[in-house]
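Asker: My questions all concern the structure below.
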Amino acid sequence: MQDNDFDLIKRFLSGEEVAFNLIVKKYQKKIYWHARQMMGNHLDADEVTQEVLVVIFNKLKNFNFNSSLYTWIYKIVTTRSLNQIRKKQIKRFFSIDDNDGDELQDKHDIVEELDSKEKLEKVKKVLQKIPPKQRQIFIMRNFEDLSYEEISEITGKSVGGLKANYFHALKKVLELTNEKK
Amino acid sequence: MKKNEERILKYISDQLTPKEKIIFEEELKKSDQLKRDYDNIKLQLDDLSIGNELGTNEIYFSNLLPKVYQKIDQKKKFRKFGPIYYLVPTFSAVVVLFLFIFNNKTTNDTGYKDLANEVVNNLSDQEVSDKYLTELETDPANYVSNQNNDELSVQIPSDLEVSSDSYTRLIGNPLANEFSTLRNLSDNDLETVYEKLNSTTSQKVQ
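Chains as they are written, first to last, in the numbering used here: chain L, 1 to 181; chain D, 1 to 206.
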């Protein structure tokens with residue numbers, strides 16, 4: 001996979017724009033779903049996804065081939081998602097952003113099946129109540145099956161710290177699911 | 001459950017030492033309670049897991065790339081004309097700063113505002129006061145509108161050219177009380193008022 005990715009990057013750097021299209025096709029869903037779980041709604045996830053893809057296009061020329069493309073992209077997604085959450089919190093603090101855009105979200109949501117919607121809603125209700133950094137590790141461990149070492153490379157945090165963070169995330173998630181029962 | 005929960009979560013999050021891990025796994029085989037609690041927690045976590053089975057609208061992903069290229073083009077254009085975007089506000093800021101410094105300098109050097117107030121406060125000629133000031137004090141909104149209609153010369157000295165800066169302050173204070181309009185006029189305007197009044201009245205001003 002890595003060789004293939006490196007090949008795509010080299011093709012892109014030599015001016016073959018179609019290589020970027022292939023990178024997008026390969027990673028767009030992973031990017032979107034990470035952002036979606038972090039943000040809890042489609043519109044913000046869409047904004048983050050587009051922003052991340054633009055950053056990839058502009059920064060790919062600086063790619064140093066020391067890490068995998070997957071890790072590199074993940075670094076961008078996680079940073080942008082956390083930034084977007086911070087922006088939203090600031091807006092909410094100054095009451096610029098209303099938090100009841102549910103109708104708008106429904107209209108644009110890409111999840112169409114009722115079962116999927118219900119499941120997503122259930123997960124959202126729990127995830128949006130845990131701190132963003134715990135949410136991030138919970139998503140990476142539970143939904144994306146990343147190892148602590150991979151997460152450490154992406155976030156720059158120590159494996160020990162990540163384990164402790166994941167422990168607290170699990171504890172909080174269980175507390176919330178038990179509350180609902 | 002609470003006691004087991006802590007250990008189970010430590011096991012799941014890989015926080016147990018290798019020795020603790022072996023003990024835990026041994027106990028898991030023997031203790032029904034621990035096994036039940038462990039399964040229960042796993043079930044709750046699995047219930048929250050989302051795989052790739054979610055039914056999504058694929059059109060969104062097909063349309064993503066064109067949207068991204070559109071954004072990239074917009075950014076390229078911004079970069080191309082970037083200097084203009086930065087120069088305009090910078091130039092405006094310099095002009096505002098220049099005006100600010102210039103106006104402050106005038107105030108410090110001349111003190112016309114104080115002199116004008118002194119003239120007004122010592123004014124004995126009621127006719128002059130009425131003629132030149134009443135219109136400004138009682139109805140500044142009308143005063144401004146008359147200025148726009150070229151009728152200003154009838155009401156105030158013809159050589160008094162009120163600056164746009166003063167108009168802004170007049171509009172901002174339509175309920176001006178006695179002489180407050182004077183405080184709203186710029187120093188240059190006040191200078192003209194002062195000279196006019198000074199030449200008309202016989203009052204001496206230090």
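For glycine and all other residues, C-beta sits at the position ideal for the given N, C-alpha and C. Small disclaimer: the values here were computed from a predicted structure and weren't measured.
#1: Evaluate LYS3/D with the Cβ neighbour count: other Cβ atoms within 10 Å of its Cβ, from every protein chain shown; 16 or more gives buried, anything less gives exposed.
#2: So LEU45/D is in the alpha helix (DSSP H); what residue range does that whole segment cover?
#3: Cβ of ASN21/L less than 9 Å from any chain D Cβ?
#4: Where does THR56/D sit, in a helix, a strand or coil, going by DSSP?
#5: Applying a beta-carbon distance threshold of less than 9 Å, which residues of chain L neighbour GLN44/D?
#6: So which residues of chain D does PHE143/L contact, with C-beta pairs closer than 7 Å?
#7: For the stretch 31–53 of chain L, list every residue whose C-beta sits within 9 Å of some C-beta in chain D, in sequence order.
#8: Nearest CA to the CA of ARG135/L: which residue from LYS26/L, GLU17/L and ALA35/L?
#9: What residues are listed by DSSP as bridge partners for VAL24/L?
#10: Since ILE130/L and MET38/L should fall inside the 8 Å C-beta cutoff, what is the C-beta to C-beta distance between them, to a whole number of angstroms?
#11: LYS10/D CB to nearest chain L CB: under 9 Å?
#12: Go ahead and label ASN41/L buried or exposed: buried means 16 or more other beta carbons lie within 10 angstroms of its beta carbon, across all protein chains shown.
#13: Distance check for LEU28/D and GLN89/L, CA to CA, integer angstroms please.
#14: Using a Cβ-Cβ cut-off of 7 Å (strictly less than) and excluding sequence neighbours within five positions of ASP150/D, which residues of its own chain qualify?
#15: So, is the C-beta of ILE76/L closer than 9 Å to a C-beta in chain D?
#16: For a contact defined as C-beta to C-beta under 8 Å, what are the partners of PHE63/L on chain D?
#17: Mind checking ILE23/D: buried by the 16 CB within 10 Å criterion, or exposed?
#18: What does the Cβ neighbour count give for ALA93/D, buried or exposed, with the cut at 16 atoms within 10 Å?
#19: Name, please, each residue of chain D whose Cβ falls closer than 9 Å to the Cβ of GLN136/L.
#20: Please confirm whether THR56/D has its beta-carbon closer than 9 Å to some beta-carbon of chain L.
#21: Can you give me the Cβ contacts of ASN165/L inside the same chain, cut-off strictly under 8 Å, excluding the 5 residues immediately before and after it?
#22: Looking at C-beta atoms only, is the number of pairs between the stretch 8–24 of chain L and the stretch 49–62 of chain L that lie closer than 8 Å three or more?
#23: Under 9 Å, do VAL68/D and VAL54/L count as touching if we go by C-beta distance?
#24: With 9 Å set as the bound, which would you pick, yes or no: does the beta-carbon of ASP14/D sit closer than that to a beta-carbon of chain L?
#25: So which residues of chain D does ILE110/L contact, with C-beta pairs closer than 7 Å?
#26: Candidates LYS91/L, VAL24/L, GLU149/L and VAL52/L: which alpha carbon is nearest ARG80/L's?
#27: Ordered along the chain, which non-local residues of its own chain (more than five positions away) have a Cβ less than 8 Å from that of ILE110/L?
#28: Taking 9 Å as the CB-CB cut-off, is GLN67/L touching chain D?
#29: Can you check whether the CB of ILE154/L is closer than 9 Å to the CB of LYS75/L?
#30: Would you mind working out which of ARG141/L, GLN84/L, ILE151/L and ASP44/L sits nearest LYS72/L, comparing C-alpha positions?
#31: With 9 Å as the threshold, decide whether the Cβ of TYR148/L is near any Cβ in chain D.
#32: Below 8 Å CB to CB, which residues in the same chain sit around LEU82/L once its five sequence neighbours on both sides are set aside?
#33: Of the choices GLY55/D, GLU5/D and ASP32/D, whose alpha-carbon is the least far from that of LYS29/L?
#34: So which residues on chain D does GLU113/L lean against when the C-beta distance must stay under 8 Å?
#35: If you count every other CB in all the chains shown that lies within 10 Å of the CB of GLN33/D, and 16 or more means buried, which is it?
#36: Check whether the Cβ atoms of LEU114/L and ILE50/D sit closer than 9 Å, and answer yes or no.
Answerer: In short:
#1: When all chains shown are included, LYS3/D counts as exposed.
#2: From DSSP, the alpha helix (DSSP H) with LEU45/D extends over 32–48.
#3: ASN21/L counts as touching chain D.
#4: In the structure shown, the three-state DSSP call for THR56/D is strand.
#5: The CB of GLN44/D comes closer than 9 Å to the CB of VAL173, LEU174, THR177 and ASN178 in chain L, given here in chain order.
#6: Neighbours of PHE143/L on chain D, chain order: SER49 and ILE50.
#7: So the close ones are TYR32, TRP33, GLN37, HIS42, ASP46, THR49, GLN50, GLU51 and LEU53.
#8: For the residues LYS26/L, GLU17/L and ALA35/L, the minimum Cα distance to ARG135/L belongs to ALA35/L.
#9: None, per the DSSP bridge assignment.
#10: Actually they are not in contact, since the Cβ atoms of ILE130/L and MET38/L sit about 11 Å apart, beyond 8 Å.
#11: Proximity of LYS10/D to chain L, defined by a Cβ-Cβ separation below 9 Å, is satisfied.
#12: Under this definition ASN41/L is a buried residue.
#13: Straight across, the Cα-Cα distance linking GLN89/L with LEU28/D is about 43 Å.
#14: Residue placement at ASP150/D is poorly supported in this model, since its pLDDT is 37, which falls under 50; the coordinates are not used for a value here.
#15: By this cut-off, ILE76/L is not an interface position.
#16: The contacting residues do not exist; PHE63/L stays about 17 Å from chain D at best.
#17: Exposed is the call here.
#18: Within a 10 Å sphere around the beta-carbon of ALA93/D sit fewer than 16 other beta-carbons, which makes this residue exposed.
#19: Neighbours of GLN136/L on chain D: none; closest Cβ ~15 Å, over 9 Å.
#20: Look at THR56/D: its C-beta is under 9 Å from a C-beta on chain L.
#21: Here the set comprises LYS133, GLN134, ILE137 and LYS157.
#22: Note that the stretch 8–24 of chain L touches the stretch 49–62 of chain L; at least 3 beta-carbon pairs, one per stretch, sit closer than 8 Å.
#23: Yes; because the gap between Cβ atoms is below 9 Å, this pair is in contact.
#24: At least one CB atom of chain L sits nearer than 9 Å to the CB of ASP14/D.
#25: Ordered by position in chain D, the residues that pass the 7 Å Cβ test against ILE110/L are THR56, ASN57 and TYR60.
#26: Closest option to ARG80/L, Cα to Cα, is VAL52/L.
#27: Counting only Cβ-Cβ distances below 8 Å, and skipping sequence neighbours, we find HIS42.
#28: Note that residue 67/L corresponds to Ser in the displayed sequence, not to Gln. So no, SER67/L is outside the interface.
#29: Contact: yes.
#30: In the sequence on display, residue 72/L carries Trp and not Lys. Cα-wise, what sits closest to TRP72/L is ILE151/L.
#31: Judged by the 9 Å Cβ criterion, TYR148/L is in contact with chain D.
#32: Residues MET38, PRO132, LYS133 and GLN136 of the same chain have their beta carbon placed closer than 8 Å to that of LEU82/L, with the five preceding and five following residues left out of the count.
#33: The residue with the shortest Cα to Cα distance from LYS29/L is GLY55/D.
#34: In chain order: LEU54 and GLY55.
#35: It counts as exposed.
#36: Result no, Cβ atoms of LEU114/L and ILE50/D do not sit closer than 9 Å.
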